[in-house]
């Protein structure tokens with residue numbers, strides 16, 4: 005029974021795809037031009053809204069104390085790396101090029117001095 009229903013459904017679907025035997029009607033005559041629409045008055049402008057209050061000033065986070073001494077060596081930025089002074093405790097200082105891999109651990113007591121690998125010019129002095 006279901007096989008017959010499937011076959012009948014297939015025949016109906018295929019028959020609906022058959023081309024139409026009646027010739028297509030000739031192209032319709034162009035429609036007359038529609039009359040110009042009546043001018044529309046512009047919509048009234050909305051009433052001006054009062055300006056929202058300005059955002060509250062963002063309180064800046066207090067600056068962390070300069071635990072590594074970076075402020076004292078900011079004058080090195082822009083100078084050749086040969087002018088970096090020898091530290092009393094080298095374990096608290098890291099000197100690396102800006103493209104060199106370094107560990108990402110943060111140590112506020114460590115002074116980082118980064119220089120350009122091609123020019124040898126110091127680019128940044130910071131704690132970390």
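In my numbering, the protein residues as written are 5 to 132. Backbone N, C-alpha and C fix where the C-beta goes; we use that ideal spot for every residue, glycine too.
Is the separation between the beta-carbon of residue 126 and that of residue 81 shorter than 8 Å?
One-based indexing of the chain shown puts residue 126 at position 122. One-based indexing of the chain shown puts residue 81 at position 77. Yes, Cβ-Cβ distance for residue 126 and residue 81 is below 8 Å.
Do you know offhand how far residue 95's Cα is from residue 114's?
Position 91 of the chain shown, counting from 1, holds the residue named residue 95. Position 110 of the chain shown, counting from 1, holds the residue named residue 114. Between residue 95 and residue 114, the C-alpha separation is close to 8 Å.
Thinking C-beta only, is residue 51 closer than 8 Å to residue 130?
Against the chain shown, residue 130 aligns to sequence position 126. Against the chain shown, residue 51 aligns to sequence position 47. Not closer than 8 Å, so no.
Strand pairing of residue 100, partner residues [DSSP]
Residue numbering aside, residue 100 sits at position 96 when the chain shown is read from its first letter. 118, per the DSSP bridge assignment.
Is residue 106 near the ligand NAD, in the sense that its beta carbon is under 7 Å from a heavy atom of that ligand?
No copy of the ligand NAD occurs in the structure displayed, which carries no ligand at all.
Indicate whether residue 120 and residue 104 have their beta-carbon atoms separated by less than 8 Å.
Numbered from its first residue, the chain shown carries residue 120 at position 116. Numbered from its first residue, the chain shown carries residue 104 at position 100. No, they are not a contact pair.
Where residue 113 falls: helix, strand or coil (DSSP):
Locating residue 113 in the chain shown gives position 109, where the first residue counts as 1. Coil at residue 113, not helix or strand.
Given a cut-off of 8 Å on the beta-carbon distance, is the pair residue 99 and residue 88 in contact?
Start at 1 with the first residue of the chain shown, and residue 99 comes out as number 95. Start at 1 with the first residue of the chain shown, and residue 88 comes out as number 84. Yes; because the gap between Cβ atoms is below 8 Å, this pair is in contact.
Please work out which residues of its chain come closer than 6 Å, Cβ to Cβ, to residue 97, disregarding the five sequence neighbours upstream and downstream, and give them in chain order.
To locate residue 97, count along the chain shown from 1; it is residue 93. Within the same chain, residue 97 has close Cβ partners 91 and 115.
Just to confirm, are residue 84 and residue 132 a CB contact at a threshold of 8 Å?
Residue mapping note: residue 84 aligns to position 80 of the chain shown, counting from 1. Residue mapping note: residue 132 aligns to position 128 of the chain shown, counting from 1. Contact: no.
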